[in-house]
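Residue numbers (my numbering): 1128 to 1336.
Beta carbons: idealized from backbone N, C-alpha and C, even for Gly.
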Amino acid sequence: MKLSKSLPIAFISMTLIGCGNSVQLQVGGDEEMAEVASPMITAESSAEEKIASALSAAPDIVSSGAMVLDWPAADGEDPGLLREGDNGWTCFPDRFFTPGLDPMCFDGPGMEWVGYWMSGEPPQMSSMGLSYMLMGSYDNSNTDPFAGPPENPADGIVTGPHVMIFPVDATSLAGMSTDHMTNEPYVMFQDTPFAHLMMPTANFDVPGS
């Protein structure tokens, strides 16, 4: 599978605005804020730094055996292999060409979903796909899977740590909430073939809420 398009996508064009090199989240009902460190990747980052970034996207039980791929150096190129894996999961580091943290991990069906998205074809999923983004994300749109970056970056969709669920049938999510401001599960890209469920894993102070 080629991850070669520089397309705006729910989980490939993301950042956390104003959080610097870490994500701040409120764990459970505790009022104390836990700061979760994750390396901010640059063009000069080493393979080891990229691997550490990629593995920060998921729990150790997932990331410890995951394959780690680097983002393609240019359109049309294949991802670079940073580390072999043995558990069926694939992780990507933070992208140095976005202004924030966006590492992510996918299971096999989740990677299939990404492939369909990148080809612009409606997903033909035979089983549910999963993805972890425990460093959070920034999305161009909550409704349009192919929206370009907003003129004002503050108009983007900021989310905290979450898990994504890619259903076999996107219409099964019809009628569910699309409100990303509540820290409750919601649907991204509702009423499109790319609809998927966003499941927050920690309380997050959503900007503008």
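Considering only their Cβ atoms, is the gap separating residue j from residue i smaller than 8 Å?
i: M1260; j: A1184; result: yes
i: T1319; j: V1290; result: no
i: P1272; j: S1254; result: no
i: L1339; j: M1262; result: Residue numbering for the chain in the displayed model covers 1128 to 1336; residue 1339 lies beyond these limits and cannot be assessed.
i: D1234; j: L1257; result: yes
i: M1303; j: V1285; result: no
i: A1301; j: F1321; result: no
i: F1317; j: T1309; result: In the sequence as presented, Phe is not what sits at residue 1317; that position holds Gln. No, these two residues do not count as a Cβ contact at 8 Å.
i: F1223; j: T1270; result: no
Since residue i is in the beta strand (DSSP E), which residue starts that stretch and which ends it?
i: D1266; result: S1264 to D1266
i: I1284; result: I1284 to T1286
i: I1292; result: H1289 to F1293
i: L1361; result: Here the chain comprises residues numbered 1128 to 1336, so residue 1361 is not present and cannot be evaluated.
i: L1257; result: G1256 to M1260
Let's see if you can read the secondary structure: which residues bound the alpha helix (DSSP H) around residue i?
i: V1314; result: V1314 -> not in any alpha helix (DSSP H); beta strand (DSSP E) instead, spanning Y1313 to M1315.
i: G1237; result: G1235 to S1246
i: Q1197; result: Here residue 1197 is Asp; the residue named in the question, Gln, does not match the sequence. Element bounds for D1197: not the alpha helix (DSSP H) but the beta strand (DSSP E), M1194 to D1197.
i: L1182; result: A1174 to L1182
Can you tell me whether residue i is buried or exposed? The criterion is at least 16 other CB atoms within 10 Å of its CB, across all chains shown.
i: M1231; result: buried
i: D1197; result: buried
i: P1249; result: exposed
i: V1295; result: exposed
i: P1288; result: buried
i: M1238; result: buried
i: S1246; result: exposed
i: A1200; result: exposed
i: D1205; result: exposed
i: N1267; result: buried
Tell me the DSSP bridge mates of residue i?
i: T1217; result: M1194 and F1233
i: M1325; result: M1291 and Y1313
Under the criterion of a Cβ to heavy atom distance below 7 Å, does residue i qualify as lining the ligand SAM?
i: P1327; result: Among the components of this structure there are no ligands whatsoever, and the ligand SAM is therefore not found.
Are three or more beta carbon pairs between the segment 1203-1219 and the segment 1169-1178 nearer than 8 Å? yes
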